[in-house]
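Asks:
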Amino acid sequence: GENVEQHPSTLSVQEGDSAVIKCTYSDSASNYFPWYKQELGKRPQLIIDIRSNVGEKKDQRIAVTLNKTAKHFSLHITETQPEDSAVYFCAASYYGGSQGNLIFGKGTKLSVKP
Amino acid sequence: GAVVSQHPSWVICKSGTSVKIECRSLDFQATTMFWYRQFPKQSLMLMATSNEGSKATYEQGVEKDKFLINHASLTLSTLTVTSAHPEDSSFYICSASIRGLSYNSPLHFGNGTRLTVT
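Going down the list, the protein sequences come from chains A and B.
Numbers 1 to 114, taken from my numbering, label the letters of the first sequence in order.
Numbers 1001 to 1118, taken from my numbering, label the letters of the second sequence in order.
(1) Would Ile50/A count as contacting chain B if we go by Cβ distances under 7 Å?
(2) Could you name the residues of the same chain whose beta carbon sits closer than 7 Å to that of Glu79/A, not counting the 5 residues immediately before and after it, in chain order?
(3) Could you tell me which residues DSSP puts in a beta bridge with Val1117/B?
(4) Bridge partners of Asn1070/B, per DSSP?
(5) Check the DSSP bridge columns for Phe1039/B and list the partner residues they point to.
(6) Let me make sure I understand the geometry here. Which of Gly1016/B, Thr1118/B, Gln1029/B, Ser1090/B has the alpha-carbon closest to that of Tyr1036/B?
(7) Give me the Cα-Cα distance between Phe89/A and Phe1039/B, rounded to the nearest whole angstrom.
(8) Suppose the cutoff is 7 Å on Cβ atoms and the five residues either side in sequence are ignored; what does the same chain contact list for Asn1005/B look like?
(9) With a threshold of 7 Å between beta carbons, is Gly100/A in contact with chain B?
(10) Note down the Cα distance separating Val20/A from Ser1043/B, rounded to an integer number of angstroms.
(11) Taking 7 Å as the CB-CB cut-off, is Gly1112/B touching chain A?
(12) Apart from the five residues just before and just after Val1117/B, which ones in its own chain have a Cβ nearer than 7 Å to its Cβ?
(13) From the beta carbon of Ser106/A, is the nearest beta carbon of chain B less than 7 Å away?
(14) Going along the chain, which residues of the region 1060 to 1080 of chain B sit with their C-beta nearer than 8 Å to a C-beta in chain A?
(15) Using beta carbons (cut-off 7 Å, strictly below), is Leu1044/B in contact with chain A?
(16) Check for me: the beta strand (DSSP E) holding Ser12/A runs from which residue to which?
(17) Mind checking who Val1003/B pairs with in its DSSP beta bridge?
(18) Between which residues of its own chain and Asn31/A is the CB-CB distance below 7 Å, once the five residues before and five after are set aside?
(19) Does DSSP put Tyr1103/B in a helix, a strand or coil?
(20) So what does DSSP say about Glu1086/B, is it helix, strand or coil?
(21) Enumerate in chain order the residues of its own chain whose CB-to-CB distance from Val112/A is below 7 Å, with the five nearest sequence positions on each side excluded.
This is the structure we're talking about:
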């Protein structure tokens, strides 16, 4: 089955710096890759997603890149702010179909120091 | 935007009792809902896929007789933890995919339920 690896598990950056979180997946049939942000005690919130027909997607300070050949995708946050501090999860769609059955990475705890 | 409501947000129960958690899609129809479990400082682990009008599909290692899932309508799925034990204490969270969109539509999560079994 699908397996998603996420690195690093923790990341500490200074406010204003960039943060990069990387994920790899094992199932070449996966074609949907969302990123979720989870603040302490709250539900995961979708922050950006990318489909396999696109190599890069950007939304203000957040961008995601996808390399299908290497089966890895990354989240890039520029000009980080303290409110970006949270746990970030990457995910891959296991069946690659309409079910949206996601397999999650283990998460990255991002700390942005003011 | 799409809203998923989960109830209760937290529950404390005694060992051996059963607990029912509800997941509702408030402004859209969800043919498919997903149930996840999240232990402290860990990722979300998919427990089962709930399909309206049919039996749920359970992930390997998840006991279907212990975690009963019912998806009787397009807006409601329930998870019942039967004969709960302290090791079942966890954060349970549901999510739903909007019916009718192109494949791999984003998931929308409920607020989660913190279950504590004493």
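Yeah, the Cβ is synthetic: ideal placement off N, Cα and C, and Gly gets one too.
Replies: A quick look at the data gives this:
(1) Using a CB distance cut-off of 7 Å, Ile50/A does not count as an interface residue toward chain B.
(2) Gly16, Arg61
(3) Beta-bridge pairing links Val1117/B to Cys1013/B.
(4) Thr1078/B
(5) Beta-bridge pairing links Phe1039/B to no other residue.
(6) Ser1090/B
(7) Rounded to the nearest angstrom, the two C-alpha atoms are 14 Å apart.
(8) For the sequence presented, residue 1005/B should be read as Ser rather than Asn. For Ser1005/B, where only same-chain residues beyond five positions count, the Cβ hits under 7 Å are Arg1024, Leu1026, Gly1110.
(9) Note that Gly100/A scores a pLDDT of 49, beneath 50, so its modelled location is shaky and nothing firm can be said.
(10) Between the C-alpha atoms of Val20/A and Ser1043/B there is a straight-line separation of about 19 Å.
(11) yes
(12) Cys1013, Ser1015, Ala1084, His1085, Pro1086, Asp1088, Ser1089
(13) In the sequence as displayed, the identity of residue 106/A is Lys instead of Ser. Interface residue, yes.
(14) none
(15) yes
(16) 10 to 14
(17) Beta bridge pairing from DSSP links Val1003/B with no other residue.
(18) Arg51, Ser52, Ser93, Gly96.
(19) Since pLDDT at Tyr1103/B reaches only 46, below the 50 mark, its modelled position is unreliable, and the value read off the structure follows with that caveat. Residue state, collapsed to three classes: coil.
(20) In the sequence on display, residue 1086/B carries Pro and not Glu. Pro1086/B: helix per DSSP, three-state reduction.
(21) Val13, Glu15, Thr80, Gln81, Pro82, Asp84, Ser85
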